[in-house]
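Heads up: the sequence shown begins at 1 in the UniProt record's numbering, then just goes up one per residue. Notes follow the structure.
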Amino acid sequence: MRETIQIRRVRPEEYDAVGAMVRAAYAGDYTLNDEYLAEIEDVAGRDEVSEVLVAVDRGTGDLLGTITLPRAGERLIDDTAENEFDVRLLGVSRAARGRGVGRAIMRHAADVARSRGLDRVVLHTGEQMLAAQRLYERMGFVQIPEREFTIERDIGPLRILSYGLDVDRVTA
């Protein structure tokens, strides 16, 4: 599958489609409040301060997935250590699930981390995002309990889990 997927920087004309794709991907797993919806859909804003990547089908050009990476020397998450590479907002379109897109995107993120001399990929995910957790655990990510927390929302609390994986342990 990896050879049929191209991972590249998002293009401005794709911002709206990428925001809608992530919203749809996340909405199936848990209820999103307005503040988080706005963050998910603000792809242009994220791309100004970080690197939003997309996975596209080489044959059709269809958007398959996305992830947000920090720029070199920067961090997205406050609790990220100096030797770590934090990623956010991994999302795979519903139509592309089960095709290895999430795994390909995460392998690419680990390659970027390695190229920047960083040792570990770290991320946060909602406890309800079971498909994402299965992906991370199959890839060898382990939970980092001391970094977990709960967000109090008007629609109810959301437990946030933390995962990490040393880049030299990422498998094909």
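In this text, a Cβ means the ideal position worked out from N, Cα and C, and glycines have one as well. Just so it is clear, the structure is predicted and the values come from calculations on it, not from any experiment.
*When we look at the beta-carbon of L69 and count the other beta-carbons within 10 Å, is it buried (16 or more) or exposed?*
As a position in the sequence shown, residue 69 is number 69, starting the count at 1. By the 10 Å Cβ count, L69 comes out buried.
*Are Q128 and Y15 touching if we call contact CB-CB under 8 Å?*
Residue 128 sits at position 128 when you count from the first residue of the sequence shown. Residue 15 sits at position 15 when you count from the first residue of the sequence shown. One thing to note: Q128 has its Cβ no nearer than 8 Å to the Cβ of Y15.
*With 16 as the cutoff for other CB atoms within 10 Å, does G59 come out buried or exposed?*
As a first step, residue 59 must be located in the sequence shown, where it is residue number 59. The residue in question, G59, is exposed, as its Cβ has fewer than 16 Cβ neighbours within 10 Å.
*Grab me the residues of I67's own chain with a C-beta within less than 7 Å of its C-beta, minus the 5 sequence neighbours each way, in chain order.*
In the sequence shown, counting from the first residue as 1, residue 67 sits at position 67. Counting only Cβ-Cβ distances below 7 Å, and skipping sequence neighbours, we find L53, V87, L89, L90, I105 and A109.
_Contacting residues, own chain, Cβ-Cβ under 7 Å from R46 (five flanking each side not counted)_ = Within the sequence shown, the letter at position 46 stands for residue 46. Within the same chain, and ignoring the five residues on either side of R46 in sequence, the residues whose Cβ sits closer than 7 Å to its Cβ are V52 and T68.
*Compare the beta carbon distance of G73 and V101 with 8 Å and say whether it is the shorter of the two.*
Translated into the one-based positions of the sequence shown, residue 73 becomes position 73. Translated into the one-based positions of the sequence shown, residue 101 becomes position 101. Not in contact: G73 and V101 (Cβ atoms no closer than 8 Å).
*Considering only C-alpha positions, which residue in the set A24, A131, G61 and G140 is nearest to R169?*
Here residue 169 refers to the residue found at position 169 when the sequence shown is read from its first residue. Nearest of A24, A131, G61 and G140 to R169, Cα basis: G140.
*Those residues which DSSP pairs with I5 across a bridge*: For the purposes of this step, residue 5 is taken as residue 5 along the sequence shown, with counting starting at 1. Looking at the DSSP output, I5 shares a beta bridge with D57.
*asked:* Once the 5 residues before and after G19 are set aside, which same chain residues still bring their CB inside 8 Å of it?
replied: Sequence index remark: in the sequence shown, residue 19 carries index 19 (1-based). Within its own chain, the residues whose Cβ lies closer than 8 Å to the Cβ of G19, once the five positions on either side in sequence are excluded, are I40, E41, D42 and V43, listed in chain order.
*Please confirm if the segment 143-160 is in contact with the segment 109-119, defined as three or more CB-CB distances below 8 Å between the two stretches.*
With the rule of 3 Cβ pairs closer than 8 Å, the segment 143-160 does not count as touching the segment 109-119.
*Between which two residues does the alpha helix (DSSP H) containing Y136 stretch?*
Position 136 of the sequence shown, counting from 1, holds the residue named residue 136. Run containing Y136: L130 to R138, per the alpha helix (DSSP H) assignment.
_Among E48, D154 and V92, the one whose alpha carbon lies nearest that of D62_ = Position 62 of the sequence shown, counted from the start, is the residue given in the question as residue 62. The shortest C-alpha to C-alpha distance from D62 to any of E48, D154 and V92 is the one to V92.
*Is it true that the CB of H124 sits closer than 8 Å to the CB of residue 173?*
No answer is possible for residue 173: the residues shown for the chain start at 1 and end at 172.
*asked:* Please give the ranges of any alpha helix (DSSP H) in the segment 62-120, keeping only runs that are unbroken, at least 4 residues long and fully inside the region.
replied: Whole alpha helix (DSSP H) segments, 4+ residues: 101-115.
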